[in-house]
Every structure is written in structure tokens, then in C-alpha cells.
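Undergrad: I'd like to ask you about the structure that follows.
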Amino acid sequence: MAAPMEVALVSDAAGPLCNCSCRAMGFLWGYGVSTEPWGAHGKSLGTPAVLSLPQDQLQQKIICPGPVTCLTASPNGLYILAGVAESIYLWEVSNGNLLAILNRHYQDLTCLCFTDDSSHFLSGAKDCLALVWNLYNVLQAEPSQIPDPRHVWSRHSLPITDLCCGFGGPLARAATASLDQTAKLWEISSGELLLSVLFDVGIMAVTLDLSEYHMFCGGMDGSIFQVDLCAWPVQRDRTFQTERENGKVFKGHRNQVTCLSVSTDGSLLLSGSHDETVRLWDIQSKQCLKTMNHKGPVTNAFIVLAPANMLNPDGKPSMPLPKFSRHLHGTESSDEPGAEGVTLRLGLRQQEPGQSYLEKAERMYSQMYSTREKNLVGDQEHLTIQVSELEEEVSNLRKINKDLFNFSARIITKPAK
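The opening position of the sequence shown corresponds to residue 1 in UniProt numbering, with each subsequent residue numbered one higher.
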């Protein structure tokens, strides 16, 4: 039986269209396809698209209410997450239903990732917060409710740039990277900070090897730093001194590193950069083995095991994907004609046809006190005008807050002359 083959999936932002390529490790062969800018794992710039390999056919396009800044799929293949502005959109792949829209960040999303068992997912944004979400709690919540995240990590002082989860499901460790020149390691179960490493440049990408002995961090200057997680003595706050640890730095990129990925056996490191190249490194020697040039900044590159039918030119998906909904499942506007599939909502009661006793009692109660409520509320038209004015004021305040935040971030991160 042949050993499983690993492939590198790469995407770049070359003009209005982007090149998405799939290459065997060692880059002995490969093929690409042009589509709208997208990212299959972490970062995205446009409309998410689902491609069928190796036919390079567009299976489905997900229309979103704004530019998608990050995108990921659960390891079990059941769910898709997308970050649009400050909101997280959750779809079910089997039927295309939009299950939840989460609004707990104050600035645009920058990264999303699932745990290896798909039980939790993490989100990072420009508001310097990293949130840990329990997928079960999100699925069981009513459409009108926004569930609370399990943990809110607020130790970073500048925008979060990347996230990475280790193995172990809810007991795993997670790494976060930030423009504040730190990378931090957390415990998902307790939410505690395990390690904080300070660098001399902003960190744009982070990943862990499968054994979680090393953490790799990509800097704004193109350097890649290797942090030993089992170094002695154990310190929660550490400073990475490039001069002393020169043997743990990968040098070759000429611009900021945007993505990192480690092979299954832990011997190879894949990196992408804004210098329009993807590099394959030998971790032990820190030597660059292969360099692949692209026609635009590399937005994403990661290593996966090749699906069984990837090399079969006649291979087709076993089940076509449905159309992805633009409206929350369960609302009136989401009842689109022709929609098919079965939705599994964990923890939710099944709605039986007709009204239950409690629903009838609630309706009668509302009718009995309708006159009293009208007297208390007053003129409905006047109330609607007031609500519109308040919403407009809130929108203006949020815009002012966002402008002030961006201005402060530019001042703080501006390099000294």
C-alpha cells in the first residue's frame, strides 16, 4: 500500500482574479485554476468559492453581504465559517443553510480556525480580541440570540493577525499572533495563557508542528522564527533574541510572511509571502529546498493529505453541493423555493405543526394587554423615527471609533526613523 501523499494548496491575489494551485510536496507536478480571490483556510479577499479538484470546476459560489476577510471549513467537512466585516457567518455544508451570524467583535475579522475535532472554533479580529466559541452552544441558540463565547482573550494590544489550533479538541492548545510583536500560546479548556513570546517585529503568521514541540512565527520583515516550546527553564514570558538564536531563524523572504504550514512528519515547513513566492524549508537545517513564484502576493498556503480521487482525472464529488443561503435559517426570508436537505440543530426542540398550549396562552395574553401596551408606547410612527435616528447616530459613532482605532494603530506601528 502506497504511503499517503501530501499536497500544498496555494492561493494568491493576482489582480481581479487569483491563482489557486495544488502541488505535490517537492513541487514535482501541479495545476492551477483562476477564480475570484479566496482563501481555503484562513485569509480571503473576495467571494468564497468551492472548487472541485482535479477538474478545476467551480462547484458553488457563496454570495456574502460584503468582502470576506477570512474563511475556514471544519475538519469534519460539515460547516463553513466566513468573516464579513465584524460578523462571523456559519453555514451547514449539506444543505447550504445559514445557521448563525455572530456579532461579538468590534472591528473587522482577520482569521478563523477550528479545533481538530470541530467542537470549537476561534476568531481573531482587529479589535485585538481572540474569541473561543463552542460550536454546540452556537447551534443550539435561537436565531434571535447571540451566544456568548467560551473565552475572550484580550492580552494582545494590537490587531490579531493569525490563529492556530493544536490537537486535542477542547483540550488542545492554541496560538495567536499579533502586530504587537508577540505570539501567545493558550489552553482552550481553561482559557489560561501558557506562553507569551516577544519578537522585534510584528508577527503575521503562526503555526505548530504536530508534536507541538515547536511554534513557527512569520514576521513582517520576511523572517520566520522557530520557538522551542519545551525549552528549559519554563517561562511564561519570553523574549526571542535573534542574535542569540540565529540558528532558529529561516531567512529568504523579502516581504512579510502571510502563512505557514508544517508537514505531517514535522520535517518540512511551507511558507507564503507578499514577495509573491512560496518556499519549502527543511526544518532541521533551515535551508530552502524549493521556491515557487506567483504573480501576486500569496494569501494562503498550507499542507494537506491528498484526497483519494485527487489524481483521478475522472473523479467527481460524490454529492453536489446545494445553494448556500444568504438569510438565517428559520426566518421568513430564508424560505427559498427549491431548498432541499435535512438540518440538524443540536439542542433545539422540533417545531410541531399548529400551536402548543403555551403558544396559545402567550397569544391570548398579548391580545388582552395590547391596548395597555399601545398607551404605554405611544405613537408608533414617532417611535420608529426615534429608533432610526438612534441607529444612524450609533452608525456614525462606530465609524468614528473605527477611524480613531486605525489612526492610533498607524501611529503606534510606524517604524522609528
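In this text, a Cβ means the ideal position worked out from N, Cα and C, and glycines have one as well.
Can you look up V138 in the DSSP assignment and give me helix, strand or coil?
TA: Residue numbering aside, residue 138 sits at position 138 when the sequence shown is read from its first letter. DSSP places V138 in helix when its eight states are reduced to three.
Undergrad: Give the straight-line distance between the Cα atoms of V68 and A85, rounded to the nearest whole angstrom.
TA: The sequence position of residue 68 within the sequence shown is 68, counting from 1. The sequence position of residue 85 within the sequence shown is 85, counting from 1. About 7 Å.
Undergrad: Are the CB atoms of L193 and R236 within a distance shorter than 8 Å?
TA: If you number the sequence shown from 1, residue 236 lands on position 236. If you number the sequence shown from 1, residue 193 lands on position 193. Yes, these two residues count as a Cβ contact at 8 Å.
Undergrad: Are the CB atoms of M215 and L185 nearer to each other than 8 Å?
TA: Locating residue 215 in the sequence shown gives position 215, where the first residue counts as 1. Locating residue 185 in the sequence shown gives position 185, where the first residue counts as 1. Yes; because the gap between Cβ atoms is below 8 Å, this pair is in contact.
Undergrad: Going by CA-CA distance only, name the one from E392, Q226, A174, S118 that's closest to Q284.
TA: On the sequence shown, position 284 is the one that residue 284 refers to. Among E392, Q226, A174, S118, the Cα nearest to that of Q284 belongs to Q226.
Undergrad: Which stretch, first to last residue, makes up the beta strand (DSSP E) that contains N293?
TA: Taking the sequence shown and counting its residues from 1, one reaches residue 293 at position 293. N293 -> beta strand (DSSP E) spans 287-293.
Undergrad: Please list the terminal residues of the continuous beta strand (DSSP E) segment that includes Q284.
TA: Within the sequence shown, numbered from 1, the residue matching residue 284 stands at position 284. First-last for Q284: undefined, no H or E at that position.
Undergrad: With a 10 Å radius around its C-beta and 16 neighbouring C-beta atoms as the bar for buried, classify P233 as buried or exposed.
TA: Position 233 of the sequence shown holds residue 233. Exposed, by the Cβ-count rule.
Undergrad: Could I get the ranges of all uninterrupted beta strand (DSSP E) runs contained in the UniProt repeat "WD" (102-135), with 3 residues as the minimum, in chain order?
TA: 109-114, 120-125, 130-134
Undergrad: CB A82 to CB L71, shorter than 8 Å?
TA: For this step, residue 82 is matched to residue 82 along the sequence shown. For this step, residue 71 is matched to residue 71 along the sequence shown. It is a contact, given that the beta carbons lie within the stated cut-off.
Undergrad: Quick check on R410: buried or exposed, where buried means 16 or more other Cβ atoms within 10 Å of its Cβ?
TA: The residue given as residue 410 occupies position 410 in the sequence shown. When all chains shown are included, R410 counts as exposed.
Undergrad: With residue 418 and Q256 assumed to form a contact (beta carbons below 8 Å), what rounded beta-carbon distance in angstroms separates them?
TA: The structure shown does not extend to residue 418, since the chain is modelled only from 1 to 417, so the question has no answer here.
Undergrad: I'd like to know whether the C-beta atoms of W207 and S261 end up nearer to each other than 8 Å.
TA: The count along the sequence shown starts at 1 and reaches residue 207 at position 207. The count along the sequence shown starts at 1 and reaches residue 261 at position 261. The question names Trp, but residue 207 is Thr in the sequence shown. Yes, they are a contact pair.
Undergrad: Is the CB-CB distance between A301 and L269 below 8 Å?
TA: The residue you call residue 301 lines up with position 301 of the sequence shown. The residue you call residue 269 lines up with position 269 of the sequence shown. For A301 and L269, no; Cβs fall outside 8 Å.
Undergrad: Among the residues of its own chain, which have a CB less than 7 Å from the CB of T110, if the five just before and after it don't count?
TA: The residue given as residue 110 occupies position 110 in the sequence shown. Hits under 7 Å: T69, C70, G124, A125, K126, P159, I160, T161.
Undergrad: Considering only the alpha carbon of each residue, which of D209, I224, L229, M220 lies closest to S267?
TA: Position 267 of the sequence shown holds residue 267. Nearest in C-alpha terms to S267, of all of D209, I224, L229, M220, is D209.
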